[in-house]
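Protein chains in written order, with our numbering: chain B, 628 to 840; chain C, 628 to 840. Heads up, the beta-carbon is just placed ideally off N, CA and C, and yes, glycines get one too. Report on one structure; see the data block that follows.
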DNA sequence: CTGGATCCCTCACGATACTG
DNA sequence: CAGTATCGTGAGGGATCCAG
């Protein structure tokens with residue numbers, strides 16, 4: 628294992644050593660959303676072999692990126708969460724996600740969307756400098772994922788699940804990417820039927836103002 | 628190969644697909660410094676097997692990150708360079724490098740420093756907002772790497788090799804990381820002999836102001 | 001000499017089954 | 001639920017060889 632290191636005294640090489648193994652970056656992505664149990668991580672990653680997931684978590688723990696915590700009774704279950712050092716990966720992960728999102732075309736058959744990946748994508752697209760004078764709550768449906776996005780006092784709150792009293796409910800599919808990247812206008816997306824709204828339709832423009840890749 | 632994709636419609640998964648194979652991120656690092664020939668890349672990466680380097684370059688070319696260009700005669704050699712899409716990786720790569728640099732302690736025996744990795748590290752550490760009213764030229768020696776860092780009109784110019792008329796020549800080793808991260812003060816580094824100067828010693832404080840992790 | 005291609009060996013990864 | 005055990009496969013490592 629130590630033999631597989633890059634052998635360069637370089638920050639990027641160090642990062643690649645720690646994060647470069649398969650699945651690791653996606654594990655960090657899901658943990659950036661919040662602490663997770665082993666089985667939750669497993670679900671979010673598609674088809675990770677359990678031995679691989681186990682090995683990656685051990686490695687991340689050894690590197691100080693993740694801590695393993697046993698919840699107090701009566702739950703007594705195990706959760707994995709990022710350390711402060713791990714949370715510092717947010718900038719880099721969002722930057723990578725923005726870059727990768729530009730190369731996404733139409734989803735290939737079999738490709739899935741998870742709540743955590745959508746939450747990270749929205750965090751990456753969020754423009755805080757445009758949010759200072761907006762207070763609004765969206766409920767977003769992408770494929771079969773439902774999440775709540777609330778902007779209040781310039782800060783963003785994202786969570787899985789439906790919103791109570793959403794100002795706008797947005798139902799869409801892969802078109803969300805074209806919408807966020809500006810490839811299609813909100814008006815056009817609604818016109819084409821690629822986005823279905825429930826609430827004030829003008830708020831969709833607010834959405835694409837607040838979230839843009 | 629298509630079977631190894633993550634199967635998620637997610638920007639980060641896409642980025643991990645393209646960049647996640649071993650060596651790829653370090654290839655991008657060196658190409659961010661400038662176009663390179665096959666053999667230059669080979670040298671900069673330590674001990675990449677040539678078949679692996681070849682396969683990575685083909686993959687990056689297929690993904691639109693790198694272009695392969697045959698120089699006009701009489702050189703007739705081959706250079707690899709980033710496309711515009713590839714250059715857009717700079718933000719993400721610098722962010723990853725900053726994160727990784729924090730975990731670098733003392734270099735382990737056998738770890739090397741290359742000119743390209745130092746140039747990327749300095750780009751990552753550069754604080755343009757502090758550079759607006761500085762014009763200064765440094766010659767930096769780290770281990771056996773020599774490079775020139777010039778700040779002029781708020782912009783940074785980095786190149787391998789010695790500087791003509793440097794305002795300050797800095798000779799150091801692994802201590803450069805502690806200096807950039809603020810773990811030791813410039814005064815202390817000089818005092819300890821971890822940094823040798825030739826020129827106005829006060830400019831070392833300018834250096835640590837302009838470059839900080 | 002550069003810019004690779006080829007071969008062989010090893011080990012990490014992936015699939016599946018199983019356990020506290 | 002939270003992993004460990006086992007085993008086959010293919011990608012990576014290292015050496016060598018070859019064409020322009």
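Once the 5 residues before and after residue i are set aside, which same chain residues still bring their CB inside 7 Å of it?
i              : result
residue 830(C) : 763, 794 and 795
residue 836(B) : 757
residue 825(C) : 796
residue 816(B) : 802, 806 and 822
residue 675(B) : 650 and 669
Going straight from the alpha carbon of residue i to that of residue j, what length do you get?
i              : j              : result
residue 669(B) : residue 638(C) : 19 Å
residue 695(C) : residue 658(B) : 38 Å
residue 736(B) : residue 774(B) : 23 Å
residue 800(B) : residue 718(B) : 26 Å
residue 755(B) : residue 666(B) : 33 Å
residue 759(B) : residue 734(C) : 45 Å
residue 662(C) : residue 707(C) : 6 Å
residue 654(C) : residue 641(B) : 14 Å
residue 634(C) : residue 723(C) : 24 Å
residue 822(B) : residue 656(B) : 27 Å
residue 838(C) : residue 690(C) : 33 Å
residue 819(B) : residue 740(C) : 55 Å
residue 630(B) : residue 673(B) : 30 Å
residue 780(B) : residue 772(B) : 26 Å
residue 768(B) : residue 827(B) : 16 Å
residue 782(B) : residue 678(B) : 38 Å
residue 671(C) : residue 702(B) : 51 Å
residue 648(C) : residue 681(C) : 13 Å
Determine the chain B residues that contact residue i at a beta-carbon separation under 8 Å, and present them in chain order.
i              : result
residue 641(C) : 727, 728, 730 and 731
residue 679(C) : Per Cβ cutoff of 8 Å: no residues; residue 679(C) is ~13 Å from chain B at best.
Hey, is residue i's beta-carbon within less than 9 Å of any beta-carbon in chain C?
i              : result
residue 649(B) : yes
residue 837(B) : no
residue 801(B) : yes
residue 712(B) : yes
residue 628(B) : At residue 628(B) the pLDDT is 49, less than 50, meaning the model places this residue with poor confidence; the figure from the coordinates comes in the next sentence. So, not an interface residue.
residue 756(B) : no
residue 646(B) : yes
residue 691(B) : yes
Can you find the residues in the same chain that come closer than 6 Å, C-beta to C-beta, to residue i, ignoring five residues on each side of it along the sequence?
i              : result
residue 620(B) : Residue 620(B) falls outside the range modelled here, since chain B spans only 628 to 840, and no answer is possible.
residue 787(C) : 742 and 774
residue 608(C) : Shown here, chain C extends from 628 to 840; a query on residue 608(C) therefore has no answer.
residue 761(B) : 778
residue 808(C) : 840
residue 628(B) : Only weak support is given to the placement of residue 628(B): the predicted model assigns it a pLDDT of 49, under 50, and the question is left unresolved by the model.
residue 804(B) : 731
residue 632(B) : 644
residue 811(C) : 805
residue 660(B) : 743 and 746
Which residues in chain C have a C-beta closer than 7 Å to the C-beta of residue i? List them in chain order.
i              : result
residue 656(B) : 639
residue 718(B) : 722
residue 703(B) : Chain C residues near residue 703(B): none, gap ~31 Å exceeds 7 Å.
Would the beta-carbon of residue i be found less than 8 Å away from any heavy atom of the ligand ATP?
i              : result
residue 791(C) : In the structure on display, the ligand ATP does not appear, and there are no ligands present to speak of.
Closer than 8 Å by C-beta to residue i: which residues in its own chain qualify, once you throw out the five before and the five after it? Chain order, please.
i              : result
residue 704(C) : 664, 697 and 698
residue 651(C) : 645, 683, 686 and 687
residue 765(B) : 775, 776, 777, 790, 793, 794, 795, 796, 797, 830 and 834
residue 636(B) : none
residue 692(C) : 645, 655, 709, 710, 712, 713 and 716
residue 721(B) : 747, 750 and 751
Please compile the residues from chain B whose C-beta is within a distance smaller than 9 Å of the C-beta of residue i.
i              : result
residue 808(C) : Those within 9 Å of residue 808(C) in chain B number zero; the least Cβ separation is about 10 Å.
residue 740(C) : 635, 636 and 637
residue 747(C) : 637, 638 and 639
So with CB distances below 8 Å, who are the chain C contacts of residue i?
i              : result
residue 661(B) : What residue 661(B) touches in chain C: nothing, since even the nearest Cβ is about 16 Å away.
residue 673(B) : 633, 634 and 635
residue 737(B) : 634
Under 9 Å between C-beta atoms, does residue i make it to chain B?
i              : result
residue 669(C) : no
residue 734(C) : yes
residue 774(C) : no
residue 715(C) : yes
residue 785(C) : no
Closer than 9 Å by beta-carbon distance: list the chain C residues that pair up with residue i, in chain order.
i              : result
residue 653(B) : 633, 635, 637, 639, 640 and 643
residue 751(B) : 638 and 639
On the three-pair Cβ rule with 8 Å, is the segment 696–715 of chain C touching the segment 735–749 of chain C? no
Inter-stretch contact (C-beta, 8 Å, three-pair minimum) for the segment 722–731 of chain B and the segment 697–711 of chain B: no
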